[in-house]
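Novice:
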Amino acid sequence: MTLEKIIDSSQVFYCVECRKCSSICPVTRVYGEFSPASFVERCLIGFHDEILHSMDIWKCLECGLCESVCPSGVKFLDFMREIRNMAREKGNFGIATHEGVFESIAKLTTKNDIKEGWIDGEIDETSNIAYFVGCLPFFDIIFKELEINAKNIADSTVKLLNKYGVIPSIIYGCCGHDALWTGNKELFNKLMEKNLEILKKKGIEKIIFSCPECYRTFKMDYPEMDIELMHISEFLDKNMKESVKGENEKTYTFHDSCRLGRHLGIYEEPRNVLKKIDVEIKEMEHNREMALCCGTSSWMNCDWKSEEIREKRLEEAKHADVLITTCPKCKIHFKCTLSHKNYNLEIKDFVEVVAERIK
Amino acid sequence: MKDVLVVGGGVAGIQAALDLADRGIHVYLVEKEPSIGGRMALLDKTMSTNDCSICILAPKMNECASHPNIDILEYSEVESVKGSKGNFTVKVRRKAKYVDPTKCTGCGECMEKCPTEVPNEYNSYLDKRKAIFIPFPQAVPRKATIDDRYCLKLTKNRCGLCQRICKAEAIDYNQKDEIVELNVASIIIAIGLSLYNPEDLREYGYGKYENVHTWMEYERLINASGPTHGHLKCAPDGRRPKKIAFIQCVGSRDVKRCQWCSSVCCMVSIKSAMLANEHYPDLESYIFYSDLRVFSKRFYEYSKRGEKDYKIKYIHARPGEIIEDKRTKNLIIYYEDEEKGKVEELEVEMVILATPIMPAKDVERIANIMGIETDEYGFIKTVDYLKYPVETTKPGIFVAGCCERPKDITESVIQASAAAAKAAEVAGG
Amino acid sequence: MKEKLRIGVFVCDCGANIAGFLNVPEICEYAKTLPDVVYVKENMYTCSNLGIQEIMDAIKKHKLNRVVVASCTPRTHEPLFRKACEDAGLNKFLFEFVNIRDQCSWVHQKEREEATEKAKDLIRMGVARARKLEPLEEIKIPVEKATLIIGGGVAGMTAALSLARQGFEVYIVEKEDRLGGLLNDIHVLYPSHQSAEEFLKEIVGRIKKEKKIHVMLESEVESVEGYIGNFNVKIKGKENVELKVGTIIVAIGAKPYEPKYMYNYDEYENVITQYELEKILNEKRMGKWEKIVFIQCVGGRGERVRYCSRICCMNSIKNARLLKKALPESQIYIIHKGLQTYGTVYEKYYREARREGIRFIRVRDDIPTVSSLERKNGKLIVGFYHPGLRRKVEIDTDLIVLSTPLIQREDAKKLSQMLKVPLGQDGFFFEAHVKLRPVDFATDGIYMAGSCRAPADINECMVQALAAASRAAIPMAKGYVEAEPYTPVIDEEKCMGCGVCVEVCPYGAMKLVEKNGKKVAENVPAACKGCGACGSSCIHKAIDMRHFRDKQIMAQIEEVVE
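Chains as they are written, first to last, in the working numbering: chain A, -9 to 349; chain B, 317 to 745; chain C, 9 to 570.
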């Protein structure tokens, strides 16, 4: 890809420099010099090397706020992704957090399979409905002190699927989201090929996800497949017919993750399900398309400024006791900050809350 | 010499009707509201000249009413059109007003006593009017009309107060719609515009934050005959603003909404800022723009005057979002300051959103009835932008004003005269 | 023998607008006490059908020979009340309007008693003037059914075609040896990219076919005398004729500004103007340019002229798109201060240009577009401050195209003096009212269209031309104009022939004539607007304005100054 081709495919030429993207970008708010509009302007004028060798390109959270407000149709997410790919080819890798362990794990999963039997619940390996678990097994190991309870998320998902008549087969492995968004197309392609092979071998017709990033990647970044894809919240919204009463001594709020929300456009399904189980949501100031990002993406560039972005979100949740999110990554990031900052807030994954209520 | 039908009694329709009538051609001016005047009658001042809008329009409205060659069919809509250029047969429905126009003096007593309050579209829904109403004080014709969607007598057979108190005995609940048939040589469409509702731009909080308004609402607020008698009042305590902001291109030049440029909003915001400063000399205005569209005669000079004499600051940025301070109800605008290279916060007491002009609400219906085409955006299409700028896709039917595409009063008037010339050619004047 | 005055006074409640703030019954009682007042009536709404009928009935029944209505403002209902008088058989100029609303009840809403007294004063003054009013006649002046169009460009030709189709004779006077004006040098037209030559050929063809259109090439207007309906025009040049026309349309167009001493235009050969580019494209003399930079607003928006020339943004985009198509590998930049691609059609065109790879760079409005321009190794280096990136940016280029504004032609001044029509501060012709009479001159019978009014593209020229044709057709179709009755009465004894009134008249309605061996002033009723400028500037008190006679005004003043 040349930069000119990137400009054409992501339609960056439509940018009229209105700067609305920069005004809403959570990263610009904390880093003045980072500005989506500035990248586009420099690209259009021809300062290509400057962009490709800049460390700033790794700061983008790909949260999609810019794209959702852009009036000119600039596909900034695609633009960033391709730029990062080109940058990598020129030796600009960015700084991955956690010593780049997740990239290593992803590389490993291209060749090896994760031991099965990690999940408790009814499973049928011959089923053509699959639950894609993704990286969940690793979170409990790497983030042990944060008590992510990733196993609980997976178990709860399977439990809920079982309750509504689905005995899934399990697919472990990395979807390739982080590889793709950090410009590592080579690794992404390897992971994608492996996953597609598994799907073909197992004859999968439907996949349920508990992680929005995996869902997005399968839906929008893999080639079009004749397979039905859905998030567990969509599944529940469709299949849960009854209402469940519960106590509401705690105040709940809901965090729309960037991938499930702006990327995929799913806002109401989780809310509908929570309503059915009698969990009353007191919305934060920024919700749905305007939801603030949790502050870190693809394990890149996590620093004290990312924490500033994250704390803006946590401040908005001050009225609540429990923050419900659909994305395990968001949960990790919030819990990380809570581990050394004083907030009276519990972070819970959406499936955990639903599974608790439905006993 | 034959007759001409003008559909729409806004400034374009009025100008076309007068041009034709002055040279001896008989005109039917059909208007769906109870009064002619259209949008221009509801504006406060016109841009670039800062004339009082209704003051310069009212004499033309009165001229229409008293012109021997113009028949105003108010509160009427076109139902069907048959025929072709030179010979159209048009059926017009004269909606029942339930008021006898020959008796009504427009005294306004009925409006005062009517117990039913309904949303007032003439004040951009900022206040209420009554079920029996005169749209605005300078209405032509100045006669009462009963809105049969809300009138208690007509919907539930209760009340009936207005009939009892009308000294002129002008109320007639038994009035029926009337269909009239007209035979005309040519038709001019001048049905005007509708405005975009910016509620779906959630980042700006319209509909949620009390002090965020559209430009049409602002026109009514700053107008002496509007709901606040020309005073700008901010929630929660009605205090007057010291700092206001205008945001351009809210819904226009937007691939997801209205893709076009609404042409006039930049100037309208500059004018509005000037008016605000005239009312309150210490008031500062900020106009957030992408491209400042000031292309017509003397517009650029006007924009410079605003900066120099009326405390207007032009900021090249489209704000990302507006957050309301829950206590003061002030609005905090987040925008990227080009010169500083970071996101700034500007706190103002009122925000006015410049929303685009869209095709008239009933453009589909009119286009179907007339047998003419609309363009990809819904505006009425002309045959060729250069060669046939006022001809619709059906010969003998011409177009003028904002229903063809957004334009200001001057250009609407020019196009209206142009359409009149073409209509006259057909009518044999 | 003077007839006995019988004055009728009608006091309007105007609903609550007057009656809500003044004691109208008290005012009526007061009016009854005024000398010569024989009838007083209070109306709820004098302007309603009922009120009009009452005026007419009262005139007949009580044989009124003066009518005073005390109500709103003459701007709304003076014609209505005058017509009521006329229909009842009373000369309509024996009617007096007293404003007790805008000038009394509306502005003194909290001072009921004092305002009522003021209303009484106003009515007393009105009655005093009414006593001195005289009947006046509106003369009908016949109108010649022919139009002179000055300028044979697109605007002139379009107006001509419309007027000819409406049955009027049209004379087009064109300075050059061919019709078409500026369009002759243009390559293609936006937004359709149709060839300008074909466009012209078609319209000129239609002109040639119209029998009612007479084209005079290589000719100019030498002099214009007269007034609406009766202009005597002398044409000189290849054609030497004298014409009598009823209306005149000015469509002389504009010319592109030449950027002398700007951006090294005079020195470097690859710095050209937009119009030179059009010629190059027309003559297919394109170079093998790899990089092209268009610079907008050269001389406009305050640099040399104060206005925005409207069409240059679209023109540049058009040419940029053409060049990009012809030279697909080239890089084309347009440096601008705010793109004027307004409306539905142009915004879409702009987006297409972006998609095709044209790059747009916005610079600040308050400084010159380009800060440096040097020549290096055969290439030009353009330097400018980029506000978004907050740094100076330099682009090397093979060709620079300067977009300059359209400015008024030199012969406009002569024409404006000849026709006695004004030019605005921007040099373009000044219309009667910006909003409501945009193609009329204040002087009746003269109209304008096209770029001589303000820079306009083809669409606007066409629409303006049709509008001017529509306006010009009104007096010609009617066949007559009604002369203003408020004309000056000139006392030829007192008149010293100084000519001041001729100078101050904005409408060319006063002239000096020889009478009985002495030069005296004479009024041209058809051109007169009754503005009174002549009357107020005559130092010899030789001019008295009809319907605003000194004695009438003095009568009013004497009522309140004791």
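Even glycine gets a Cβ: it sits at the ideal position worked out from N, Cα and C.
In its own chain, which residues sit with a C-beta less than 6 Å from the C-beta of B:Met590, not counting the 5 before and 5 after it?
Specialist: Gly622 and Tyr626
Novice: Between the beta-carbon of B:Thr362 and the beta-carbon of B:Lys723, is there less than 9 Å?
Specialist: no
Novice: By a C-beta neighbour count over all protein chains shown, 10 Å radius and 16 as the cutoff for buried, is B:Thr471 buried or exposed?
Specialist: Classified as exposed, B:Thr471 has fewer than 16 neighbouring CB atoms from the shown chains inside 10 Å of its CB.
Novice: Can you pull the chain B neighbours of A:Ile14, defined as C-beta to C-beta under 8 Å?
Specialist: Glu519, Gly636, Glu637 and Tyr650
Novice: Where does B:Gly399 sit, in a helix, a strand or coil, going by DSSP?
Specialist: The three-state reading of DSSP puts B:Gly399 in strand, counting E and B together.
Novice: Would a C-beta distance cut-off of 9 Å place C:Ala450 and C:Ile257 closer than the cut-off?
Specialist: no
Novice: Can you name the residues of chain C whose CB is closer than 8 Å to the CB of B:Trp576?
Specialist: Gly351, Thr352, Glu355 and Lys356
Novice: Since C:Asp558 is in the alpha helix (DSSP H), which residue starts that stretch and which ends it?
Specialist: Asp558 to Val568
Novice: Give the residues from the stretch 473 to 486 of chain C that approach chain B closer than 7 Å (Cβ to any Cβ), ordered along the chain.
Specialist: Leu474, Ala475, Ala477, Ser478, Arg479, Ala481, Ile482, Ala485 and Lys486
Novice: Tell me the DSSP bridge mates of B:Ala393?
Specialist: The question names Ala, but residue 393 of chain B is Glu in the sequence shown. In DSSP, B:Glu393 forms a bridge with B:Arg409.
Novice: Taking DSSP as the reference, what is the three-state secondary structure of A:Lys321?
Specialist: helix
Novice: Using a cut-off of 7 Å between C-beta atoms, extract the partners of C:Arg359 located in chain A.
Specialist: Tyr4
Novice: Return the first residue and the last residue of the alpha helix (DSSP H) that C:Arg173 is part of.
Specialist: Val162 to Arg173
Novice: Could you check where the beta strand (DSSP E) with B:Met666 kicks off and where it finishes?
Specialist: Element bounds for B:Met666: Met666 to Leu669.
Novice: I need the boundaries of the beta strand (DSSP E) containing C:Ala78, first residue and last residue.
Specialist: Start and end: Arg74 to Ser79.
Novice: Quick one: which chain B residues come within Cβ less than 8 Å of A:Val17?
Specialist: The contacting residues do not exist; A:Val17 stays about 10 Å from chain B at best.
Novice: Which residues in the same chain as C:Ser317 place their Cβ atom closer than 6 Å to its Cβ, once the five residues preceding and following it in sequence are excluded?
Specialist: Gly308, Pro413, Leu414 and Pro463
Novice: Contact criterion: CB-CB distance below 9 Å. Does C:Gly234 meet it with respect to chain A?
Specialist: no
Novice: Is C:Gly160 close to chain B, meaning its C-beta is less than 9 Å from at least one C-beta of that chain?
Specialist: no
Novice: Would you mind stating whether C:Tyr358 and B:Arg609 have Cβ atoms separated by less than 9 Å?
Specialist: No; because the gap between Cβ atoms is not below 9 Å, this pair is not in contact.
Novice: Under DSSP, the beta strand (DSSP E) around C:Lys519 begins and ends at which residues?
Specialist: Met518 to Lys523
Novice: Any idea which residues DSSP pairs B:Ile448 with across the strands?
Specialist: B:Ile448 pairs with B:Ile462.
Novice: Between C:Glu492 and C:Phe101, what straight-line distance do the alpha-carbon atoms span, to the nearest angstrom?
Specialist: 12 Å
Novice: Verify whether the separation of the beta carbon atoms of C:Val178 and C:Leu187 is less than 9 Å.
Specialist: no
Novice: Can you give me, in chain order, the residues of the stretch 363 to 376 of chain C that have a beta carbon less than 9 Å from any beta carbon in chain A?
Specialist: Arg363, Glu364, Gly365, Ile366, Arg367, Phe368, Ile369 and Arg370
Novice: For C:His195, count the other beta carbons within 10 Å of its own beta carbon; 16 or more makes it buried, fewer makes it exposed. Which is it?
Specialist: buried
Novice: Mind checking if C:Lys19 is an interface residue toward chain B, Cβ cutoff 9 Å exclusive?
Specialist: Checking the sequence, you will find Val at residue 19 of chain C rather than Lys. Not an interface residue.
Novice: Take every Cβ of the stretch 408 to 423 of chain B, pair it with every Cβ of the stretch 383 to 393 of chain B, and state whether three or more of those distances are shorter than 8 Å.
Specialist: yes
Novice: Closest by CA to B:Ile507, which one among B:Lys620, B:Tyr466, B:Glu349 and B:Pro705?
Specialist: B:Glu349
Novice: Grouping DSSP H, G and I as helix and E and B as strand, with all else coil, what is C:Leu381?
Specialist: Three-state result, C:Leu381: strand.
Novice: Return helix, strand or coil for B:Cys582, following the three-state DSSP convention.
Specialist: helix
Novice: What's the gap between the Cα of A:Ala169 and the Cα of C:Val371?
Specialist: 39 Å
Novice: So what does DSSP say about B:Phe714, is it helix, strand or coil?
Specialist: Strand.
Novice: Quick check on DSSP: helix, strand or coil for C:Gln304?
Specialist: coil
Novice: Give me, in chain order, the residues of the same chain whose beta-carbon lies closer than 7 Å to that of C:Val429; leave out the 5 immediate sequence neighbours on both sides.
Specialist: Phe437, Phe449, Thr451 and Ile454
Novice: Give me whichever residues DSSP pairs with A:Lys196 in a beta bridge.
Specialist: In DSSP, A:Lys196 forms a bridge with A:Ile119 and A:Glu218.
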